[in-house]
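Since the structure comes first, as C-alpha cells, the remarks are kept for the end.
Number of protein chains: 2
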Amino acid sequence: MGFTKKHIFTDQINTIANYTKVIGHPARVAIIQHISENKNCNCNDLVKAIGLAQPTISQHLAEIRKTGLLDQKVKGKNLYYTINKDQLNECRRVVNDFFVKTQVSCSK
Amino acid sequence: MGFTKKHIFTDQINTIANYTKVIGHPARVAIIQHISENKNCNCNDLVKAIGLAQPTISQHLAEIRKTGLLDQKVKGKNLYYTINKDQLNECRRVVNDFFVKTQVSCSK
DNA sequence: TAATAAAATTGTAATATTGCAATATCACGT
DNA sequence: ACGTGATATTGCAATATTACAATTTTATTA
C-alpha cells in the first residue's frame, strides 16, 4: 500500500486531517509563522530565513496554498505572500472543534 | 532525501509539527474520537469500528501513544485504551498557541 | 498443558514525502 | 531583444508512511 484510505472516513474527519497534516511539518509551521510576522515577504525571504533550498520552500508553499491559507500579490517580478485570515480562522475553528468534541466526549 | 531536516528548526516549531502530524491522518483522528466516545475500548473494537486491519490499527495506536495521548489498562488478555486528558489538553494548548500567535502576528 | 483470544511485531509491497540540482517561466529594466 | 532576478516546475534519489499477511507474544480458560 502506501496510500491513505480516505474513502472509509467521513468528510469531517478528512477535513480535520487535511488541515493538521499541513501544519504537521516544521518547515510549513516556520513558513506560516514567518509570513505572518513579515507581511509581504517573498519566496527568497523564506529561503534565507529558513535555510532550505528554493525549490523545497516553493513546494511547501504550494502545499500550504492548497488549503487556502495563503494569498499572493504579484508586484513586478516579485510574489508577495500573506496569510488568508479567514481561512486561518476556519482552520483554527475546525481544529479547535476537534479538541472540544474530544474533550467533551472523554469527560462523560 | 526523504527525511525531514528537524535540526534546523526550533524545539517549539518541532513540537507543534509533532502534535499536528499525529492528527494529520484520518485513521488517527477516527481512533482518538472513537476512544474518547467509548471509554475502555480495545484494539478489536477499533478494528471493527474503523475498518482497517488489526496490524494497521495497532501501528496507528503506537504513533498516537508516542505523543502521550493514550493511557492503557490491561484487564486479562484485553488492553483497554483511554485518552490521557492532561496530554490532550497540553496538545490543544500547543496547537492553540500556534493559531493565536499566528493570528496576532498577521493582524499587526 | 493445550486451545483460544487479543494485540504487538515482523516482513514486505506500494505509495507518499522530503529535499535539491537543473531547468523553465515570467516580468522587469536596459 | 537581451540580460537579470524571482519563482515555479521537472526529474530524481533517499527516506518515510501506509496497509496488510503472517507470525509471535501474552494471558486466559478449558
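In the order they appear, the protein sequences are chains C and A. Okay, so the first sequence: first residue is 0 according to numbering that gives the first Met the number 0, each after it adds one. Okay, so the second sequence: first residue is 0 according to numbering that gives the first Met the number 0, each after it adds one. Glycine included, every Cβ here is placed at the ideal spot set by N, Cα and C.
Distance, Cα to Cα, residue i vs residue j?
| i | j | result |
| --- | --- | --- |
| N77 (chain A) | G23 (chain A) | 28 Å |
| A61 (chain A) | G67 (chain A) | 10 Å |
| Y18 (chain A) | G1 (chain A) | 20 Å |
| K38 (chain C) | K74 (chain C) | 14 Å |
| T14 (chain A) | C105 (chain C) | 24 Å |
| Q63 (chain C) | C90 (chain C) | Sequence check: residue 63 (chain C) is Ile here, not Gln. The straight-line gap from Cα to Cα measures roughly 12 Å. |
| Y79 (chain C) | P54 (chain C) | 16 Å |
| D96 (chain A) | V103 (chain C) | 20 Å |
| V21 (chain C) | I12 (chain A) | 13 Å |
| C42 (chain A) | R27 (chain A) | 13 Å |
| L45 (chain C) | L69 (chain C) | 14 Å |
| Q71 (chain A) | K84 (chain C) | 40 Å |
| H59 (chain C) | F8 (chain C) | 26 Å |
| A52 (chain C) | G50 (chain A) | 40 Å |
| Q86 (chain C) | K47 (chain A) | 35 Å |
For residue i, name the three-state secondary structure that DSSP assigns.
| i | result |
| --- | --- |
| N41 (chain C) | strand |
| T101 (chain C) | helix |
| T66 (chain C) | coil |
| N77 (chain C) | strand |
| K72 (chain A) | strand |
Around the Cβ of residue i, are there at least 16 other Cβ atoms within 10 angstroms (buried) or fewer (exposed)?
| i | result |
| --- | --- |
| P25 (chain A) | buried |
| V99 (chain A) | exposed |
| A101 (chain C) | First, the residue type needs correcting, since residue 101 (chain C) is Thr and not Ala in the sequence shown. T101 (chain C) should be labelled buried. |
| A16 (chain C) | buried |
| H6 (chain C) | exposed |
| R92 (chain A) | exposed |
| A29 (chain A) | buried |
| S57 (chain A) | exposed |
| V94 (chain A) | buried |
| K4 (chain C) | exposed |
| Q32 (chain A) | buried |
Point to revise | Residues, ordered as in the chain, of the stretch 8-39 of chain A that lie near chain C by beta-carbon distance below 7 Å | key: F8, I12, N13, I15, A16, T19, K20, I22, G23, H24, P25, V28, A29, I31, Q32, S35 and E36
- Contact set between the stretch 85-103 of chain A and chain C, restricted to residues whose Cβ is under 9 Å from the partner: L87, N88, C90, R91, V94, N95, F97, F98, V99, K100, T101, Q102 and V103
*Cβ-based contacts, 8 Å cut-off: residues of the stretch 74-85 of chain C near chain A*: T81, I82 and K84
- For the stretch 44-55 of chain A, enumerate the residues whose C-beta is nearer than 8 Å to any C-beta of chain C, in chain order. I49, G50 and L51
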